[in-house]
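>
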Amino acid sequence: MYSVAIDGPSGSGKSTIAKLLADKLDITYVDTGAMYRAIALYSKKTGCEPDGFLYDIEIDYRDNKVFLNGEDVSDKIRSEEISKLASNISKDLKVREFLVQKQREISQKRSVVMEGRDIGTVVLPNANYKFYLDAGVDIRAKRRYKQLLEKGEDVEFDKVLSDLRDRDFNDMNRENSPLVMAEGAIFIDSADLTLEETLEKMFNIVRG
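The sequence shown stops at residue 1700 when you use the working numbering, and every number in between is there.
Printed below as a string of structure tokens:
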């Protein structure tokens, strides 16, 4: 078994690349951000703070889908509202400890491509391969804006850009597990490469 850790800010293309890379390597893809979003969704639905229900819920990741108490919530967690709520919830140390343990358990059972914001630094510091994917905030905002429009959401670009800057600040300055490039990680600027070029570059590094 082996593990591939992919970190980077929101909108850098981590999820798309991680999914494609996992498919090409024929191993499991794990989107850790989706697990935080699932907790955010449950918190919104119940009106409860996470530390009041963490150990009463079941979060599972299989077939590239996130399940919350047995329900596939993969689509429900992708709104901007849930995204912002998840960013705040991710600052909660109890939530982070709970999910880090779950993420490590997944990686101990099978080979994985795991992506998030603290995979190479906290979750899988001994990952066989570590990547840090990034792009300028304007480029990332355009990607995010396009995704939201394609989903039918009524959003303004300036708001998406502002939210992304706020999220970057929160992720990089939070007390617990801030977003930083892991020691030994390979930096990839996705703004300079096409999706196919980025995938091929990372695949060749893993395959050697």
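Just so you know, even glycine gets a beta-carbon here, dropped at the ideal spot from N, CA and C.
#1: Assign S1622 to buried or exposed, taking buried as 16 or more other Cβ atoms, counted over all protein chains shown, within 10 Å of its Cβ.
#2: What residue range does the alpha helix (DSSP H) around S1495 cover?
#3: Ends of the beta strand (DSSP E) at V1488?
#4: Helix, strand or coil for D1684 per DSSP?
#5: Using a Cβ-Cβ cut-off of 7 Å (strictly less than) and excluding sequence neighbours within five positions of R1666, which residues of its own chain qualify?
#6: Could you say which of T1524, D1660, A1514, M1664 lies nearest to V1587 if we only look at CA atoms?
#7: With DSSP as the reference, label I1611 as helix, strand or coil.
#8: Is R1564 helix, strand or coil when you go by DSSP?
#9: How would you write the range of the alpha helix (DSSP H) that R1588 sits in, first residue to last?
The structure says:
#1: According to the sequence shown, residue 1622 is Lys rather than Ser. Result: buried.
#2: In the DSSP annotation of this structure, S1495 is not part of any alpha helix (DSSP H); the continuous beta strand (DSSP E) holding it starts and ends at 1495 to 1499.
#3: Shown here, the chain extends from 1493 to 1700; a query on residue 1488 therefore has no answer.
#4: Correct three-state label for D1684: coil.
#5: Excluding residues within five positions, the ones whose Cβ falls inside 7 Å are K1583.
#6: Closest option to V1587, Cα to Cα, is T1524.
#7: Reduced to three states, the DSSP call for I1611 is helix.
#8: In the sequence on display, residue 1564 carries Asp and not Arg. In the structure shown, D1564 falls within a strand segment according to DSSP collapsed to helix, strand and coil.
#9: Segment 1585 to 1601, the alpha helix (DSSP H) holding R1588.
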